[in-house]
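Enquirer: These protein sequence lines are chains E, S, Z and B, in that order. With the first letter of the first sequence counted as 1, position 200 gets the number 200 in the working numbering; the numbers rise by one all the way through. Count along the second sequence from 1, add 1000, and you get the number used in the working numbering. Count along the third sequence from 1, add 2000, and you get the number used in the working numbering. Count along the fourth sequence from 1, add 3000, and you get the number used in the working numbering.
There are 4 protein chains.
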Amino acid sequence: MERQFETIERAKVNEIDEILGQPFYVLDDGFVRIIDYIGDDSSIVQAARVSYGKGTKKLRQDRGLIRYLMRHHHTTPFEMCEIKLHVRVPMDTWRQWIRHRTANVNEYSTRYSVAIDAAYQTNPDAWRTQGTDNRQGSEGVLQQNTGETLSRQEQTFQNQARTIYNERLEQGVAREQARKDLPLSTYTEAYWKIDLHNLLHFLRLRMDDHAQYEIRTYAKTIGEQIVRRWTPIAWEAFHDYRMTSAAFSKMELDLLKAITGGKDEQAIELAKSNGVLKEKEGQLKPNLELREFEAKLKSMQIKPPWS
Amino acid sequence: MERQFETIERAKVNEIDEILGQPFYVLDDGFVRIIDYIGDDSSIVQAARVSYGKGTKKLRQDRGLIRYLMRHHHTTPFEMCEIKLHVRVPMDTWRQWIRHRTANVNEYSTRYSVAIDAAYQTNPDAWRTQGTDNRQGSEGVLQQNTGETLSRQEQTFQNQARTIYNERLEQGVAREQARKDLPLSTYTEAYWKIDLHNLLHFLRLRMDDHAQYEIRTYAKTIGEQIVRRWTPIAWEAFHDYRMTSAAFSKMELDLLKAITGGKDEQAIELAKSNGVLKEKEGQLKPNLELREFEAKLKSMQIKPPWS
Amino acid sequence: MERQFETIERAKVNEIDEILGQPFYVLDDGFVRIIDYIGDDSSIVQAARVSYGKGTKKLRQDRGLIRYLMRHHHTTPFEMCEIKLHVRVPMDTWRQWIRHRTANVNEYSTRYSVAIDAAYQTNPDAWRTQGTDNRQGSEGVLQQNTGETLSRQEQTFQNQARTIYNERLEQGVAREQARKDLPLSTYTEAYWKIDLHNLLHFLRLRMDDHAQYEIRTYAKTIGEQIVRRWTPIAWEAFHDYRMTSAAFSKMELDLLKAITGGKDEQAIELAKSNGVLKEKEGQLKPNLELREFEAKLKSMQIKPPWS
Amino acid sequence: MERQFETIERAKVNEIDEILGQPFYVLDDGFVRIIDYIGDDSSIVQAARVSYGKGTKKLRQDRGLIRYLMRHHHTTPFEMCEIKLHVRVPMDTWRQWIRHRTANVNEYSTRYSVAIDAAYQTNPDAWRTQGTDNRQGSEGVLQQNTGETLSRQEQTFQNQARTIYNERLEQGVAREQARKDLPLSTYTEAYWKIDLHNLLHFLRLRMDDHAQYEIRTYAKTIGEQIVRRWTPIAWEAFHDYRMTSAAFSKMELDLLKAITGGKDEQAIELAKSNGVLKEKEGQLKPNLELREFEAKLKSMQIKPPWS
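1) For the segment 3154–3176 of chain B, which residues have a CB atom closer than 9 Å to at least one CB atom of chain Z, in sequence order?
2) Which residues, taken in chain order from the segment 113–139 of chain E, show a beta carbon closer than 9 Å to some beta carbon of chain Z?
3) Looking at Tyr2191/Z: is its Cβ nearer than 9 Å to the Cβ of Leu2085/Z?
4) Using the rule of at least 16 other Cβ atoms within 10 Å of the residue's Cβ for burial, across every protein chain shown, is Thr188/E buried or exposed?
5) Can you list, in chain order, the residues of its chain with a C-beta nearer than 8 Å to that of Trp3127/B? Leave out the 5 residues immediately preceding and following it.
6) Apart from the five residues just before and just after Arg2242/Z, which ones in its own chain have a Cβ nearer than 8 Å to its Cβ?
7) Can you tell me where the alpha helix (DSSP H) holding Pro1232/S begins and where it ends?
8) Starting from His2086/Z, trace the beta strand (DSSP E) in both directions and tell me its first and last residue.
9) At which residues does the beta strand (DSSP E) containing Asp1036/S begin and terminate?
10) Let me know if Glu2082/Z comes out buried or exposed under the rule of 16 or more other beta-carbons within 10 Å of its beta-carbon.
11) Closest to Thr2129/Z by C-alpha separation, out of Ala3174/B, Thr3129/B, Arg3088/B, would be which residue?
12) When DSSP builds the beta bridges, which residues end up paired with Asn106/E?
13) Between Gln212/E and chain S, is there a C-beta pair that is closer than 9 Å?
14) Return yes when the Cβ of Leu1169/S is within less than 9 Å of the Cβ of Thr1110/S, no when it is not.
15) Tell me whether the segment 1252–1259 of chain S and the segment 1218–1225 of chain S touch, counting them as touching only if at least three CB pairs, one residue from each stretch, are closer than 8 Å.
16) Any idea if Asp2177/Z is buried or exposed, counting beta-carbon neighbours within 10 angstroms, 16 or more meaning buried?
17) Closer than 7 Å, Cβ to any Cβ of chain Z: which residues of the segment 73–98 of chain E, in chain order?
18) Start and end of the beta strand (DSSP E) containing Glu2148/Z?
19) Would a C-beta distance cut-off of 9 Å place Ile2383/Z and Ile2034/Z closer than the cut-off?
20) Mapping the DSSP letters down to three states, classify Ser2245/Z as helix, strand or coil.
21) May I have the straight-line CA-CA distance separating Val3032/B from Gly3021/B, to the nearest angstrom?
22) Going along the chain, which residues of its own chain have a beta-carbon closer than 6 Å to the beta-carbon of Met2251/Z, five neighbours each way excluded?
23) Between Ser113/E and Lys1180/S, is the Cβ-Cβ spacing less than 9 Å?
24) Please identify the residue among Pro305/E, Glu236/E, Ile19/E, Ala11/E whose C-alpha is closest to the C-alpha of Lys311/E.
25) So, does the CB of Lys3220/B fall closer than 9 Å to a CB anywhere in chain E?
26) Put Leu338/E into one of helix, strand or coil per three-state DSSP.
27) Could you tell me whether any Cβ in chain S is nearer than 9 Å to the Cβ of Lys285/E?
28) Between which residues of its own chain and Tyr3068/B is the CB-CB distance below 8 Å, once the five residues before and five after are set aside?
29) Give me the Cα-Cα distance between Arg2206/Z and Leu2196/Z, rounded to the nearest whole angstrom.
30) Under a three-way DSSP split, which group does Val1227/S fall into?
31) For Tyr3218/B, count the other beta carbons within 10 Å of its own beta carbon; 16 or more makes it buried, fewer makes it exposed. Which is it?
32) For Ala1258/S, which of helix, strand or coil comes out of DSSP?
33) Is it the case that the Cβ atoms of Asp2036/Z and Gly64/E are separated by a distance below 9 Å?
34) First and last residue of the alpha helix (DSSP H) that includes Glu294/E?
35) Is the beta carbon of Gly261/E closer than 9 Å to that of Gln3301/B?
36) Can you have a look at Phe293/E and say buried or exposed, based on whether 16 or more other CB atoms are within 10 angstroms of its CB?
Written out as structure tokens, the structure is:
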């Protein structure tokens, strides 16, 4: 029991403390605000070393360690940072958000209180068309005049939904039942508390191009406005090893080796034997997996030998 | 390595196997169906004994052990049973359901597919009025003629919501965006897989009188139609030690002791000194906590001495 | 977007800040230290109201709300507080501790570092005898002279274990393998981060009389030294509604009603018909469940009619 | 409610049913046995389609979908399969195993029962030496004669530990306390139930070369003997997209592009400007991150230009 413990202070991030409680606005009426947090970059290092008090190493070493942890998916030290946010989100978006289970949540209750009188409205120039490649995504927008019709129609409909909701309440209908026909675009609010590892996992999925525009906008706000300030070294490592990295399967590595080695024929045979390249009426047809590989080649400015 | 292992077979519950895939209908267009499961009552016992193969004890002993585990909140053996359900639920109800985080979920995707063309409609005689005591509940129903007006209005509104949704799709709006004004009453479907411990926790909260009628109806269906058949001994223990039990705080036990001991004055003083009973203008006013205690007394046909 | 947000500050608990990093010693060489935290009692209220900034209600109302939440098992607001501890614990105790899954953990690595050179030693007067009632517990202690023998034997053995460990390291054996015969009494350290709801659940189970002495001592330290200072209102509510409360099954309530109503014969018949009381050779024999009920009666100074 | 539901049967995997309960032996006295399961490859597809009963698609399409889900980290459909294992493991290994929190566990209780009388013994030719590169791993083995000494010493020590344990029990020491000096090599048993997604995550980490030999052996047994039989298509996809794939950071992709494009100088400059390559006394010194990249290049038979 001879061990000496210095008095310590809470980890403190000035850049966050300065904006505590201030809203970052998202969509037409949403926001994200920081309420509180535990930890900073040095807390990740501390947890990895489980040796609090050994004296602060130089920043350079800390950065190297954090990057090593991120690169090798040593995730538990990132769990030692925690952040509590207050968010305002359309219910439609919240339905996706809430699927991330490892978080603490207190949502605004429309059983207990009258529903928030705001719905997310789409501007005339923001009606997106159905993606053709990606069955669950969107691409491009509708023409302005069509968009204007749809936006007018939406506003009328949302107003009517609210009128019906209010009428039910006036008639004495219980709030828990009156709400049943509110549109999914209705805003809700919640406190959302999550550790940094699970937050980064959320961001990786939701900042992705395949995520829906709305939740992607929230995710980018949280990532670029909040995490970047809160744990800048972890954020940089996340960017380098998660957001801008690419994974190659064994087959892709073999193809890459053949292609960069100048063995185009071998690459084509390899693709064929793996069933990702078919010959149809004299033409080579890559399947979905191979087209995904082509995209990676393209980003490296390498031309696939079968095209 | 001399230990001998008999060949074993999967735990099998005939009463469940007979109804596998058959829907239990809930609300006007919802259902719950069993898809698959792991374990039965004996699996709970097996886990508690961690001694598989010791030969089956007599039912009586197994029942005693399961009841002991339930009574003493030894929850992990109940986690060794797992069930997979297919459910169809209004989104409004699903918003409550999904808050139970320790479960596996695959929900019908309205990004990938056109939204289910069905919404939960309220009958004229089923519009509930706002609870007065319970700020988040309902009690009683509206008059029939008011109900008829509300139901007609709802049907028109839901039809209109669908028309707008369909028009958006026809205009080429992406499904992920077209859905944004669908009413919360729209049905969704999901596979939902959960272990027995967490399922019972869900049932305790959602079969409760304070739970909203809709989710309560689903919970009762799952409990009374499914769990009762699947693990009848655990179900009985759950009924006895969770659903129909009552908890008494130290203060309540002290009050109970005084009252049943015939010491009414002492009970009143105790309540006062605990701040749950106030004298106002010569009248004794119990606060919310004491009124909750009165309800427990009432169920035991004991009259509180302050009333 | 007209809504005004005041600048906020982090929730801060002076009583905790003053002792940050200071060890509470436990057992012969263990400790618990607070590293950081999110939230205080008011954060629970804030989450329950999901209405941050509405102005602080009077303490009295906050206290009432926290007690209401605790009484009715509305657990999510308690998840909005989080605490990070640094603990030093024998591995044997840690094996129980780690079973609480909803927490973040970074443990001292004996793959990466040489094992901590300390083992938990039992004093001559602290060798506990096997419980007779409770098959998994202990009661009483062995005689001093036996205890002295056992303690001497332990110390020799622990020294020898360390000698062997060190010899293996000197021979070049990998740390990950050299450790394999370290005794379970060897100390380990960890950062442990958990939300208040899950911490209270941990405390309810581990402060219980049935919990093993060692982990109970840690739990009591965390509860009485840390949580009591951190969130005093929640702690008081936890004490009143969890630690000193008692649950009665429907059968127990019926028995209680009969007994307090002076209907002893009816109580006996009820117990018999429920199978918890048997007549053997002219004697009434309560089973385990009824004996548990007797204990509750005893705490209310009520005599069971069958004894 | 017109929708017709066919009667369904439980997903059934003959290759698993045939070996149910049979042990796969691991280490000198450990095993893994399958007790029960939910689902098979088709259940993953079913969950992804959330459209049970639409008729079985051709195997080819199912395989393509499962591979797509794996490639794109769409993890929830894999959670719809669940498996329950009975394992026997040294406590030292179990300490690593239990860190995987998303699983259900019932471990053999040494409070309730006498500890299993078996400890994991290391053969004379199996004493591994400390890794030099990898600070937490091992590499190579000690010489046979040193190994013989260590193994003899271990056996004596383990016997002695058992003797002391037994003596304590004979003296009447409570089991919960008598066990405190058992070596970490003592075997324990547990039921372990986990969904396929979390199991694959466990396998990815624990089948890795960096995992400790002991847990790696268990992981390989579970993977190659059990998952391969249970969900062969998911297993194959896991192999291709997780176990044998490689991730490249943006910097690594840029380096790869330069190198395969024949621009060695540019690659070297890039590495320098990223701080991963230093010039020291006329020599180019790659740091840890760059050496990891070199290993990936090597597996593609590409020579780094700085070496």
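Glycine included, every Cβ here is placed at the ideal spot set by N, Cα and C.
Expert: Looking at the coordinates:
1) Answer set for the segment 3154–3176 of chain B: Glu3154, Phe3157, Gln3158, Gln3160, Ala3161, Ile3164, Glu3167, Arg3168, Leu3169, Gln3171, Gly3172, Val3173, Ala3174, Arg3175, Glu3176.
2) Hits within the stretch, in order: Ser113.
3) The count along the third sequence starts at 1 and reaches residue 2191/Z at position 191. The count along the third sequence starts at 1 and reaches residue 2085/Z at position 85. Yes, Cβ-Cβ distance for Tyr2191/Z and Leu2085/Z is below 9 Å.
4) Working through the first sequence from its first residue, we reach residue 188/E at position 188. Here Thr188/E is buried. Its C-beta has 16 or more other C-beta atoms within 10 Å.
5) Position 127 of the fourth sequence, counted from the start, is the residue given in the question as residue 3127/B. The answer, listed in chain order, is Val3141, Leu3142, Thr3146, Gly3147, Leu3150, Ser3151.
6) Here the question's residue 2242/Z lines up with position 242 in the third sequence. The beta carbon of Arg2242/Z sits closer than 8 Å to those of Met2070, Leu2200, Arg2204, all from its chain and outside the five residues before and after it, given in chain order.
7) Mapped onto the second sequence, residue 1232/S falls at position 232. 1232–1238 is the extent of the alpha helix (DSSP H) around Pro1232/S.
8) Along the third sequence, one-based indexing puts residue 2086/Z at 86. First-last of the beta strand (DSSP E) with His2086/Z: 2082–2090.
9) Here residue 1036/S refers to the residue found at position 36 when the second sequence is read from its first residue. Segment 1030–1038, the beta strand (DSSP E) holding Asp1036/S.
10) Position 82 of the third sequence, counted from the first residue, corresponds to residue 2082/Z. The residue is buried, with at least 16 neighbouring Cβ atoms inside 10 Å.
11) Looking up residue 2129/Z in the third sequence gives position 129. When only C-alpha atoms are compared, the closest one is Ala3174/B.
12) Counted from its first residue, the first sequence places residue 106/E at position 106. According to DSSP, Asn106/E shares a beta bridge with Tyr191/E.
13) If you number the first sequence from 1, residue 212/E lands on position 212. Interface residue, yes.
14) Working through the second sequence from its first residue, we reach residue 1110/S at position 110. Working through the second sequence from its first residue, we reach residue 1169/S at position 169. For the 9 Å CB-CB criterion, Thr1110/S and Leu1169/S do not form a contact.
15) They do not touch, by the three-pair rule.
16) Looking up residue 2177/Z in the third sequence gives position 177. Looking at the sequence provided, one finds Gln at residue 2177/Z rather than Asp. So Gln2177/Z ends up on the buried side.
17) Residues passing the 7 Å Cβ filter: Thr76, Pro77, Glu79, Met80, Glu82, Lys84, His86.
18) Position 148 of the third sequence holds residue 2148/Z. For Glu2148/Z, no beta strand (DSSP E) run applies; the uninterrupted alpha helix (DSSP H) run containing it begins and ends at 2144–2171, by DSSP.
19) Residue 2383/Z is absent from the structure shown; chain Z starts at 2001 and stops at 2307.
20) As a first step, residue 2245/Z is located in the third sequence; it is residue number 245 there, counting from the start. Ser2245/Z sits in coil when the DSSP states are folded into three classes, being neither helix nor strand.
21) For the purposes of this step, residue 3032/B is taken as residue 32 along the fourth sequence, with counting starting at 1. For the purposes of this step, residue 3021/B is taken as residue 21 along the fourth sequence, with counting starting at 1. Computed Cα separation, rounded: 9 Å.
22) For the purposes of this step, residue 2251/Z is taken as residue 251 along the third sequence, with counting starting at 1. Cβ-Cβ distances below 6 Å link Met2251/Z to Asn2274 in the same chain, with the five nearest sequence neighbours on each side left out; the list follows chain order.
23) Counted from its first residue, the first sequence places residue 113/E at position 113. Counted from its first residue, the second sequence places residue 1180/S at position 180. Taking 9 Å as the cut-off, the Cβ atoms of Ser113/E and Lys1180/S do not count as close.
24) Shown here, chain E extends from 1 to 307; a query on residue 311/E therefore has no answer.
25) Position 220 of the fourth sequence, counting from 1, holds the residue named residue 3220/B. No, Lys3220/B lies away from the interface with chain E (no Cβ there is under 9 Å from its Cβ).
26) Any property of residue 338/E remains undetermined from this structure, which presents chain E solely from 1 to 307.
27) Translated into positions along the first sequence, residue 285/E becomes position 285. Not closer than 9 Å to any Cβ of chain S, the Cβ of Lys285/E fails to qualify, so no.
28) Mapped onto the fourth sequence, residue 3068/B falls at position 68. Hits under 8 Å: His3074.
29) For this step, residue 2206/Z is matched to residue 206 along the third sequence. For this step, residue 2196/Z is matched to residue 196 along the third sequence. Here the C-alpha atom of Arg2206/Z lies approximately 15 Å from the C-alpha atom of Leu2196/Z.
30) Looking up residue 1227/S in the second sequence gives position 227. Helix.
31) In the fourth sequence, residue 3218/B corresponds to position 218, counting from 1. Within 10 angstroms of the beta-carbon of Tyr3218/B lie 16 or more other beta-carbons, which makes it buried.
32) As a working mapping, residue 1258/S is identified with position 258 in the second sequence. Looking at Ala1258/S - three-state DSSP - the assignment turns out to be helix.
33) Translated into positions along the third sequence, residue 2036/Z becomes position 36. Translated into positions along the first sequence, residue 64/E becomes position 64. No, the pair does not count as a contact, with Cβ atoms beyond the cut-off.
34) Residue mapping note: residue 294/E aligns to position 294 of the first sequence, counting from 1. Under the DSSP assignment, Glu294/E falls in the alpha helix (DSSP H) whose first and last residues are 288–299.
35) Here residue 3301/B refers to the residue found at position 301 when the fourth sequence is read from its first residue. Here residue 261/E refers to the residue found at position 261 when the first sequence is read from its first residue. In contact: Gln3301/B and Gly261/E (Cβ atoms closer than 9 Å).
36) Reading the first sequence from its first residue, position 293 is the one you call residue 293/E. Of the residues assessed, Phe293/E falls on the buried side of the cut-off, its CB having 16 or more other CB atoms within 10 angstroms.
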